[in-house]
Every structure is written in structure tokens, then in C-alpha cells.
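Trainee:
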């Protein structure tokens, strides 16, 4: 192995350790904060964030096992777990996390556009129903990963789709384009448009409450209260968390999805270089599934305050145990 390539490998290993280690820690802390706040668990957006964090953690685990397999470190002992179940769960959790993020964005949009009807639409019961629908639909969509053609390459020790030309054509020309559209392009468009609309609503509400603007007072008051004036601290925290989640998704998910599609149709690199590039983009895409806690702390003062309160209680509890 050349020295420059060796350096790249070690940099990727270091980046993976930081990404996955901090990702699991961040998701754990997020769940602790979410479950410790009763007002957070009472709103549909809060339940969506909890479910998305669970899904992110599962997906982060599958990415970790795949990354380790690149360097011949296998967590699972057989082909079914390593190459079929792991890839099935990986794609399922990625898509479910993505569409839960869409649901979060639409949940906040409905609350700003239809404040009265949102009490009926944006409920915890509907969140659970929607999540179950996601699981059923996407489980069917990704069920092909259980086909026997998905196996372990004895030479490279990596998972591949065997010698079936039909299955290879399906993966390269059907599945990957669909995954790019369903799992990346459509979510980016929906979340971007929804966020633009919400920001427009906020801007409009501020203009309406400006005393220099001669607009119907009742309409101004209603819109201002719904979008800004009555936005509780927990609502504001959820809004900031949603914005950071959407922005991170766009930046981290597009490169990996595009590369996998291009690679399937064009042999741009040799196998070893491809594995290095794929590992790098895999780490980059993994950031989205573990960085939420840190972005929430930066973007939401209330979330940061809750974290400090939780840390203080933990320190006090530990101190009392030592004194006992």
C-alpha cells in the first residue's frame, strides 16, 4: 500500500471513529433530553423527533458495520446478516428517517398554515400510524435485499450482487435511480419548499404587526400570535431543530446518493480507489444521522438549556453517590 493511500485510510478510520462514536453519544443524549421533557413528548413534532432519533441510531449502526467490513472487520458471522439483513435495515432506516424528517417539516407547516385543523391532524396517534405506514411500504420496497444473489465476494470480502445479469441490471438501472429520487431529490424539494413557506409566513406576520403597516388589526393579531407571538419556547426549539435537520440532510445525503448511482453505471475508479471514495462518502453521509444533538445545542437555546440542566443533575447525583 502506497504511503499517500495509507495516510488516506488512517484519516478515514479516524474520521469514522469520531463520526460514529460522537454520533451514538449524541443520539443517546438527545433521547435522554427528549424523554425527560414531558411537554416535548406531548406534541406530535416531539414524537417525530424521538422516532427519527431511534431510526438514525439504527441506521448509524448499519453504517458502522458496513464501514468496518471494508477493512475486513465483520460484526456478523454469516452472509445473511452481513449482506442481506444489514443492507435491508440500512436502506429501511435511512428512508424512514428521511420521511420522518419530511413529516416534521410538514407538521410545523400545517401548524402555521392551519392552526385550528392542526389540532386534529398533528396528533401523536397520527404520528404512530404514519410511522407504521412508512415501515410497511419501505419494507416491501427493500425486500429484494433478501434475494440469495446478494452474497459475499470471496476475493474482496465485500458484499456484492453475484453473477446474475438481471439482478445487476435491476440494482444499477432501477433501484439506484429510484433511491436517488425517492430518498434524496423528493425529500430535498419538499423540505426546502416547506421551509421557504414557513419563513415567508414568519416574515409576513412580522410585517403585519408592524405599526407602520395599515392592515386589518384582527388579521394581523391572529397571524402574529400563531406564528410568532404565541410561539412557545418548545415550539421555537422544535422550529430551530427542524431547520438544522433539513439543512444537514441536503448537504450530507446528496453526494453519496449521486456517487453510488454514477459508480453503478460508469467504472470511474479501480476497485480499491472506489472502496476508499465510497468509505469517505459513507462517513460524510453518516454525519447526518449522528450530528443532530450537536446542531440542536448550537441552534436552540432551550435545547441547550435542557442539556445543561440534565448535566447539572447528573453531576449532583454522581457527587451524592460518592459522598454516600
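Numbering (my numbering), first residue to last: 695 to 1018.
The beta carbon of each residue, even a glycine, is placed where N, CA and C say it ideally should be.
Residue 842: buried (16+ other C-beta within 10 angstroms of its C-beta) or exposed?
Mentor: When all chains shown are included, residue 842 counts as exposed.
Trainee: Could you tell me if the beta carbon of residue 793 falls within a distance shorter than 7 Å of some heavy atom in the ligand NAP?
Mentor: Annotation note on the ligand NAP: not contained in the displayed structure, which lists no ligands.
Trainee: Indicate the three-state DSSP secondary structure (helix, strand or coil) for residue 845 in the structure shown.
Mentor: DSSP places residue 845 in strand when its eight states are reduced to three.
Trainee: Can you check whether the CB of residue 895 is closer than 8 Å to the CB of residue 839?
Mentor: Against a cut-off of 8 Å, the Cβ pair of residue 895 and residue 839 comes out as no contact.
Trainee: Count the CB pairs spanning the segment 927–946 and the segment 968–982 that are closer than 8 Å, and state whether there are at least three.
Mentor: Flag = yes, the segment 927–946 and the segment 968–982 touch.
Trainee: Going by DSSP in three states, residue 781 sits in which element: helix, strand or coil?
Mentor: Here residue 781 sits in helix by DSSP.
Trainee: Who does residue 854 pair with in a DSSP beta bridge?
Mentor: DSSP output for residue 854 lists 845 as bridge partner(s).
Trainee: For the alpha helix (DSSP H) that contains residue 809, what are its first and last residues?
Mentor: Run containing residue 809: none; DSSP gives neither H nor E here.
Trainee: Which word fits residue 920, buried or exposed, when buried means at least 16 other C-beta atoms lie within 10 angstroms of its C-beta?
Mentor: Reliability of the predicted coordinates at residue 920 is poor, the pLDDT of 43 falling under 50, and no value is obtained from them.
Trainee: Starting from residue 690 and walking both ways along the alpha helix (DSSP H), at which residues does that stretch end?
Mentor: Residue coverage of the chain in this structure runs from 695 to 1018, which leaves residue 690 outside it and unanswerable.
Trainee: Consult DSSP for residue 770 and reduce its assignment to one of helix, strand or coil.
Mentor: Residue state, collapsed to three classes: coil.
Trainee: Mind checking residue 810: buried by the 16 CB within 10 Å criterion, or exposed?
Mentor: That one is exposed.
Trainee: Hey, residue 760 and residue 977: beta-carbon distance below 8 Å or not?
Mentor: No, the Cβ-Cβ distance between residue 760 and residue 977 is not below 8 Å.
Trainee: So for residue 994, helix, strand or coil by DSSP?
Mentor: In the structure shown, residue 994 sits in coil (DSSP, three-state: anything other than H, G, I, E or B).
Trainee: Assess, as a yes-or-no matter, whether the segment 766–779 is touched by the segment 718–730 under the definition of 3 or more beta carbon pairs within less than 8 Å.
Mentor: No, because fewer than three Cβ pairs between the segment 718–730 and the segment 766–779 fall closer than 8 Å, the two stretches do not touch.
Trainee: For residue 717, name the three-state secondary structure that DSSP assigns.
Mentor: In the structure shown, residue 717 sits in a helix (DSSP, three-state: H, G or I).
Trainee: For residue 984, which three-state DSSP category applies?
Mentor: Three-state result, residue 984: coil.
Trainee: What would DSSP say about residue 1017, mapped onto helix, strand or coil?
Mentor: Residue 1017: helix per DSSP, three-state reduction.
Trainee: Assuming the contact rule is C-beta atoms closer than 8 Å, residue 805 and residue 812 should be a hit. Round their C-beta distance to whole Å, please.
Mentor: That belief holds up - the Cβ atoms of residue 805 and residue 812 are roughly 5 Å apart, short of 8 Å.
Trainee: Comparing alpha-carbon positions, which option in 764, 710, 999 and 872 lies nearest residue 731?
Mentor: For the residues 764, 710, 999 and 872, the minimum Cα distance to residue 731 belongs to 999.
Trainee: Count the other CB atoms, across all protein chains shown, that sit within 10 Å of the CB of residue 720; report buried if there are 16 or more and exposed otherwise.
Mentor: So residue 720 ends up on the buried side.
Trainee: Below 8 Å between beta carbons: does that hold for residue 776 and residue 853?
Mentor: Yes, they are a contact pair.
Trainee: May I have the straight-line CA-CA distance separating residue 755 from residue 898, to the nearest angstrom?
Mentor: About 43 Å.
Trainee: Give me the Cα-Cα distance between residue 1013 and residue 1006, rounded to the nearest whole angstrom.
Mentor: About 10 Å.
Trainee: Measuring straight from C-alpha to C-alpha, what distance separates residue 835 and residue 956?
Mentor: Near 22 Å, if we compare the C-alpha coordinates of residue 956 and residue 835.
Trainee: Between residue 931 and residue 975, which are expected to be in contact by the criterion C-beta below 8 Å, what is the C-beta distance as a whole number of angstroms?
Mentor: Residue 931 to residue 975, Cβ: 31 Å. No contact.
Trainee: Since residue 755 is in the alpha helix (DSSP H), which residue starts that stretch and which ends it?
Mentor: Its alpha helix (DSSP H) spans residues 738–764.
Trainee: Can you give me the C-alpha to C-alpha distance between residue 970 and residue 846, rounded to a whole angstrom?
Mentor: Using only the alpha carbons, I get a separation of about 18 Å.
Trainee: Do three or more CB pairs link the segment 789–796 to the segment 737–752 at distances below 8 Å?
Mentor: Result yes; three or more Cβ-Cβ pairs closer than 8 Å.
Trainee: Alpha carbon to alpha carbon, how far is residue 865 from residue 816? Give it in angstroms, no decimals.
Mentor: Going by the C-alpha atoms only, they are around 37 Å apart.
Trainee: Going straight from the alpha carbon of residue 863 to that of residue 778, what length do you get?
Mentor: Near 18 Å, if we compare the C-alpha coordinates of residue 778 and residue 863.
Trainee: Which whole-angstrom value describes the C-beta separation of residue 752 and residue 783, a residue pair presumed to lie in contact below a C-beta threshold of 8 Å?
Mentor: About 7 Å separates the two Cβ atoms, so the contact holds.
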